[in-house]
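Enquirer: Sequence lines, in order, name chains A and B.
Counted from 1, the first sequence has number 380 at position 380 by my numbering; the numbering is strictly sequential.
Counted from 1, the second sequence has number 672 at position 251 by my numbering; the numbering is strictly sequential.
Next up is a structure, given as structure tokens.
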Amino acid sequence: MNKNVIEIEGLYKKYKLGVVSADTLADDISLNWGKLISKFKFLNSKNEDKKLLNLENQEFFALKNINFNVEKGEILGLIGSNGAGKSTLLKILSKITTPTYGSIKIKGRIASLLEVGTGFHPELSGKENIYLNGAILGMRKLEIDKKLDQIIDFSGVEEFINTPVKRFSSGMRVRLAFSVAAHLDPEILLIDEVLAVGDADFQKKCLDKMENISTSGRTVIFVSHNMSAIRSLCKRAIVLEKGEVKHNDIASVAVDLYLNSSSHKIKSEYKWNLENAAGSDKLRIISVYIKPKIGNLITVNSGISFTIECLTNLKKASVSIGYSIYSNDGIMLTHSYKPISEPKMLEPGFYKTTSVFPSEILNKGIYYIIVWYGESDVENLATTKERIFFEVHAGTKKNSTREITGILNPDISFLTSYRKK
Amino acid sequence: MNKNKWDLVITSKYGWFDLNISEILRYKDLLVLFIKKDFTTFYKQTILGPLWFFIQPLISTILFSFIFNKVANIPTDEIPPFLFYMSGIIAWNYFSDCLTTTSSTFSTNARMFEKVYFPRIIIPISKIFSGLSKFLLQLFLFFIIYLYFLSIGNKEIFFSPKILFLLPFLLLQMALLGLGLGLIISSLTVKYRDLNYLVGYGTQLLMYASPIIYPLSIVPERFKYLIMLNPITPLIEIFRKGLVGKGHFDLYLLIYSILITLVVFLLGVLIFNRIERSFIDTV
Chain A
1 MNKNVIEIEG
11 LYKKYKLGVV
21 SADTLADDIS
31 LNWGKLISKF
41 KFLNSKNEDK
51 KLLNLENQEF
61 FALKNINFNV
71 EKGEILGLIG
81 SNGAGKSTLL
91 KILSKITTPT
101 YGSIKIKGRI
111 ASLLEVGTGF
121 HPELSGKENI
131 YLNGAILGMR
141 KLEIDKKLDQ
151 IIDFSGVEEF
161 INTPVKRFSS
171 GMRVRLAFSV
181 AAHLDPEILL
191 IDEVLAVGDA
201 DFQKKCLDKM
211 ENISTSGRTV
221 IFVSHNMSAI
231 RSLCKRAIVL
241 EKGEVKHNDI
251 ASVAVDLYLN
261 SSSHKIKSEY
271 KWNLENAAGS
281 DKLRIISVYI
291 KPKIGNLITV
301 NSGISFTIEC
311 LTNLKKASVS
321 IGYSIYSNDG
331 IMLTHSYKPI
341 SEPKMLEPGF
351 YKTTSVFPSE
361 ILNKGIYYII
371 VWYGESDVEN
381 LATTKERIFF
391 EVHAGTKKNS
401 TREITGILNP
411 DISFLTSYRK
421 K
Chain B
422 MNKNKWDLVI
432 TSKYGWFDLN
442 ISEILRYKDL
452 LVLFIKKDFT
462 TFYKQTILGP
472 LWFFIQPLIS
482 TILFSFIFNK
492 VANIPTDEIP
502 PFLFYMSGII
512 AWNYFSDCLT
522 TTSSTFSTNA
532 RMFEKVYFPR
542 IIIPISKIFS
552 GLSKFLLQLF
562 LFFIIYLYFL
572 SIGNKEIFFS
582 PKILFLLPFL
592 LLQMALLGLG
602 LGLIISSLTV
612 KYRDLNYLVG
622 YGTQLLMYAS
632 PIIYPLSIVP
642 ERFKYLIMLN
652 PITPLIEIFR
662 KGLVGKGHFD
672 LYLLIYSILI
682 TLVVFLLGVL
692 IFNRIERSFI
702 DTV
């Protein structure tokens, strides 16, 4: 008997690069006119025009020949670096966009948590938003009525449930939204990176809920950068790379294959052109350099110096820089931030910040950082899109030649005293 | 039971006529919630609250009576100007509300459409109903004022119960016409943003081509057919005839208007249905 609830066959998704669509009718006419003219010139075979024509017709496959099946009750992990096609795949599965070729067959109701809190209206109360959000996600009113108490209880915001959502903190909003989504009870659930929200307590609640969902026979497709979550929750994982299925294996094997392949992404310099630098016109992150503080190899003992440069157009603002360090598994180890100028004294221009991470904390291994800039601790101005990897090599430990395991390698002292029996 | 039956097959192929009615019905609770949301958020953080539903047509009526009747001396078919303009304005408002609110469907909901799937047409349909609730409130206000005019002994005005019976059909037709036009415009604005600016201006122009500020009876013969080409003209005239007893009722004109409405509506639904699938990749 066929136990598959999802069958994906020969799935392709094509996007056009370059001029996708003109914004105004006039632009469109002139664009088409331009194409026509260049076609004419093309017939007269001029080389420059040939180039122009090819540029306009450039296509890009976000997904290339994806084939896999998902069985009933399975929790499938979906991993891959940014731009590998994970989100595109989820968008097609949840019917937000259509494939270019190929087909997906689905058995049962499918619901997605691509981003929680969609359709929250700030003026409506928490309770009204539960109903609205639930219905947007595909629940019927009767279902929501039945689960209302559970949803409110799970979110932990019962005291504010009749207050407009605009008075909620962002954390409360996310918790309420996740709680609605977690009670959807579809046969197939798509989850994208939601576990990055909320405090540790809430994250644990979410993971428990996910395990619950799977033991009740539902199918989950789970996208995350958190490798330990993938390892512990999923039976099987699929690694996507540049739009193709690279590995389809038992979760722990797939994770290892993925992590090993990420090791050659390690660079000591990350630079971006203004067009693809993270951020907006207000502020863009243009480079990150990673160097040892002492010597020329990052080791447990060397200390690490991060030099981060941004270009800002803001005036008289208060901007802070911060970064988080993650283990290769995707667990956040620490984060820190500091203002880059005196309060309200920022001027347009380049700001270069060097931050030194102390030695003898990180053990040997691969880590990555995510850098961000924020204004007055509230508004996020820029966050690096890719993970910035670096490797810490084994150091020379005083009084010991043995390598220790684990993420941390601090200088722990021991003092033993002896007393006769 | 066939275990290998698929509930949903996603492919790249789709026809022009794949409107999934059962799917829309499945989302009827969402429709109700959207209507409720429109209604409650309309007056949140306003001092006058739901009174705004009444203030707007009242002020327009007073203004129109003053400018077009008192200053420009446009006759109103012997109906008290206040009732003449108000009946025209509330009917027109319903139509233009349907048109303008649905025409921005894609641009105002792009963020939500990027994140979650539901039949997109739920949003424009909900706008039709939120507009209807507003219309009914304004109609209620109209009747109060109507009773006042009766009580001061106005003999020229009377209901036409037979024609008033047509009211639900007139409303349905206005809704379908507004919805159809709105769907076409909303689908085209996905590619051409210019249309957004045209909508406001266009509806204003269309109002002057409809018998809102003048009765059809005073239009010179050689321009009359131009006004009659406008499919909204018979709707307004019949609406007014039902409400205050004076207006132009022409069966052929009504049939013409119904045909136009059906064509516009079907075209709108088809284009909308087509665009909603590829829209996310073009924004």
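Cβ atoms here follow ideal geometry from the backbone N, Cα and C, with glycine treated the same way.
As the structure is a prediction and not an experimental result, all values here were calculated from the model.
If we ignore side chains and look at the alpha-carbon of each, how far apart do I653(B) and M595(B) end up?
Expert: Their backbone Cα atoms lie some 8 Å apart in a straight line.
Enquirer: Would the beta-carbon of I369(A) fall within 8 Å of that of T353(A)?
Expert: Result no, Cβ atoms of I369(A) and T353(A) do not sit closer than 8 Å.
Enquirer: Expressed to the nearest angstrom, what Euclidean distance is found between the alpha-carbon atoms of I152(A) and K141(A)?
Expert: When rounded, the distance between both Cα atoms is 15 Å.
Enquirer: Can you name the residues of chain A whose CB is closer than 9 Å to the CB of Y622(B)?
Expert: Within 9 Å Cβ-Cβ: nothing; Y622(B) doesn't reach chain A, min ~15 Å.
Enquirer: P410(A) CB to nearest chain B CB: under 8 Å?
Expert: Chain B, which has no Cβ nearer than 8 Å to the Cβ of P410(A), makes this no.
Enquirer: Would you call I573(B) buried or exposed, if buried means 16 or more other Cβ atoms sit within 10 Å of its Cβ?
Expert: By the neighbour-count rule (16 or more Cβ atoms within 10 Å), I573(B) is not buried but exposed.
Enquirer: What is the rounded straight-line gap between the Cα of M422(B) and the Cα of F700(B)?
Expert: Low per-residue confidence applies at M422(B): pLDDT is 41, beneath 50, and the placement is therefore not dependable enough to give any value.
Enquirer: For L189(A), count neighbouring C-beta atoms within 10 Å of its own C-beta (all shown protein chains included) and say buried if the count is 16 or more, exposed if not.
Expert: It counts as buried.
Enquirer: Could one say the Cβ of P343(A) lies closer than 8 Å to chain B's Cβ atoms, at least one of them?
Expert: With 8 Å as the cut-off, P343(A) does not count as an interface residue toward chain B.
Enquirer: For W427(B), would you say it is in contact with chain A, using Cβ-to-Cβ distances shorter than 8 Å as the test?
Expert: Closer than 8 Å to some Cβ of chain A, the Cβ of W427(B) qualifies, so yes.
Enquirer: Can you look up S179(A) in the DSSP assignment and give me helix, strand or coil?
Expert: Correct three-state label for S179(A): helix.
Enquirer: Can you find a C-beta in chain B that's less than 8 Å from the C-beta of S112(A)?
Expert: Yes, contact with chain B.
Enquirer: Going by DSSP in three states, Y515(B) sits in which element: helix, strand or coil?
Expert: Reduced to three states, the DSSP call for Y515(B) is helix.
Enquirer: For the beta strand (DSSP E) that contains M332(A), what are its first and last residues?
Expert: Start and end: M332 to P339.
Enquirer: Measuring straight from C-alpha to C-alpha, what distance separates F644(B) and I431(B)?
Expert: Going from the Cα of F644(B) to the Cα of I431(B) covers about 53 Å.
Enquirer: For a quick check, are the C-beta atoms of F306(A) and F357(A) less than 8 Å apart?
Expert: Cβ distance < 8 Å, so F306(A) and F357(A) count as in contact.
Enquirer: Can you check whether the C-beta of V690(B) is within less than 8 Å of a C-beta belonging to chain A?
Expert: So, not an interface residue.
Enquirer: Pull up the DSSP beta-bridge partners for C206(A), would you.
Expert: According to DSSP, which records beta bridges pairwise, C206(A) is partnered with nothing at all.
Enquirer: Using a Cβ-Cβ cut-off of 8 Å (strictly less than) and excluding sequence neighbours within five positions of Y569(B), which residues of its own chain qualify?
Expert: So the list is empty, once near-sequence residues are dropped.
Enquirer: Between A22(A) and K612(B), what straight-line distance do the alpha-carbon atoms span, to the nearest angstrom?
Expert: Unreliable positioning characterises A22(A) in this predicted model, as indicated by a pLDDT of 46, which lies under 50. A coordinate reading is not provided.
Enquirer: Output needed in chain order: residues of the segment 535-546 of chain B with a Cβ under 8 Å from some Cβ in chain A.
Expert: Flagged, chain order: E535, K536, V537, Y538 and F539.
Enquirer: Given K424(B), which residues of its chain have a CB within under 6 Å of its CB, disregarding the five upstream and five downstream residues?
Expert: Legend: pLDDT at K424(B) = 49, less than 50; position of this residue unreliable, value from coordinates given subsequently. The answer is none, since no qualifying residue turns up.
Enquirer: Where do the ends of the beta strand (DSSP E) carrying R643(B) lie?
Expert: Unbroken run through R643(B) is the alpha helix (DSSP H), E642 to L650; no beta strand (DSSP E).
Enquirer: DSSP three-state call for K91(A): helix, strand or coil?
Expert: K91(A) falls in the helix class under three-state DSSP.
Enquirer: Of the residues that make up the segment 76-104 of chain A, which ones have a beta carbon closer than 9 Å to any beta carbon in chain B?
Expert: Listed by position, the residues of the segment 76-104 of chain A near chain B (Cβ gap below 9 Å) are K91, I92, L93, S94, K95, I96, T97, T98, P99, T100, Y101, G102, S103 and I104.
Enquirer: With a Cβ-Cβ cutoff of 8 Å, do A317(A) and L346(A) count as a contact?
Expert: The answer is yes: Cβ separation under 8 Å.
Enquirer: Just to confirm the assignment, what range does the alpha helix (DSSP H) spanning T163(A) have?
Expert: Note, T163(A): premise wrong, no alpha helix (DSSP H); not H, not E.
Enquirer: Check whether the Cβ of K282(A) lies closer than 8 Å to any Cβ atom in chain B.
Expert: K282(A) does not count as touching chain B.
Enquirer: Reducing DSSP to helix, strand and coil, say where K51(A) ends up.
Expert: Residue placement at K51(A) is poorly supported in this model, since its pLDDT is 43, which falls under 50; the coordinates still yield a value, given next. Helix, per DSSP.
Enquirer: When you compare only the Cα positions, how much space is there between I8(A) and S608(B)?
Expert: Distance between the alpha carbons of I8(A) and S608(B): 30 Å.
Enquirer: Could you check what DSSP says for S608(B) in three-state terms: helix, strand or coil?
Expert: S608(B): helix per DSSP, three-state reduction.
Enquirer: Taking its Cβ as the centre, do 16 or more other Cβ atoms sit within 10 Å of R541(B), making it buried, or is it exposed?
Expert: With 16 or more Cβ atoms within 10 Å of its Cβ, R541(B) is classed as buried.
Enquirer: Going straight from the alpha carbon of N54(A) to that of H335(A), what length do you get?
Expert: Residue placement at N54(A) cannot be trusted, given a pLDDT of 45 that sits under 50; the coordinates are not used to answer.
Enquirer: For A177(A), decide whether its Cβ has a neighbour in chain B, counting only Cβ atoms nearer than 8 Å.
Expert: False, the Cβ-Cβ gap to chain B never drops below 8 Å.
Enquirer: According to DSSP, simplified to helix, strand and coil, what is K271(A)?
Expert: Here K271(A) sits in strand by DSSP.
Enquirer: For E71(A), which option in D256(A), V5(A), F168(A) and A62(A) has the closest C-alpha, if you only look at C-alpha atoms?
Expert: Among D256(A), V5(A), F168(A) and A62(A), the Cα nearest to that of E71(A) belongs to V5(A).
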